[in-house]
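Numbering (my numbering), first residue to last: 28 to 174.
Structure record follows, encoded as structure tokens.
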Amino acid sequence: MAAVTASESHGAGDHADHHPSDLTYWKVFFALVALTALEVSTYWWPEEWHKVTAVLLIVMMLIKFGAVAMYFMHLKSDALILRRVFFFGMVLAVAVYIAALGAMVFFHDSGNAVQGRTGFDYPPREKPLPPPATDPPPIIRETTGGH
28 MAAVTASESH
38 GAGDHADHHP
48 SDLTYWKVFF
58 ALVALTALEV
68 STYWWPEEWH
78 KVTAVLLIVM
88 MLIKFGAVAM
98 YFMHLKSDAL
108 ILRRVFFFGM
118 VLAVAVYIAA
128 LGAMVFFHDS
138 GNAVQGRTGF
148 DYPPREKPLP
158 PPATDPPPII
168 RETTGGH
């Protein structure tokens, strides 16, 4: 009975064809570093761009997630059905995330409008002042006599 070696069972010739080269990993790494630097730089972008910034951050997040999954988790070399299952899960997760984010934006008004501002970004209300005193307290005089 002949023993089956690891190279025969695994297909040694196929292994090298499926995995990217070291140069490809370095290219993906530097692309991820550049995207991360761009994400961090959004902190200093003007406040008027916050809607565009939010969309760009989500897009960059998805690109980075896809690159890490495809190259560093080796999904690029997996079977097509596994990639499709992974992609379906990713689309479902993004849909749930965007639905939750949309619900927070849609239902942001708590009903407590302060000076025309609504939502959770206004400062808390000031405490009411106590009512003004009507009469001063009576003066208690000492009497001469005794206790």
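Cβ coordinates follow ideal geometry from the N, Cα and C atoms, glycine included.
{"Asked": "Continuous beta strand (DSSP E) assignments of at least 3 residues falling wholly in the segment 57-92", "Found": "none"}
{"Asked": "8 Å CB neighbourhood of A58 in its chain, flanking five on each side removed", "Found": "A94"}
{"Asked": "8 Å contact criterion, which M80 and W71 should meet: CB distance rounded", "Found": "In the sequence under discussion, the amino acid at residue 80 is Thr, which differs from the Met named in the question. About 11 Å; that fails the 8 Å criterion."}
{"Asked": "Cβ contact (3+ pairs, closer than 8 Å) linking the segment 90-109 and the segment 50-66", "Found": "yes"}
{"Asked": "Neighbourhood of L62 by C-beta distance below 8 Å, restricted to the same chain and skipping five residues each side", "Found": "M87, I90 and K91"}
{"Asked": "T161 in three-state terms, based on DSSP", "Found": "coil"}
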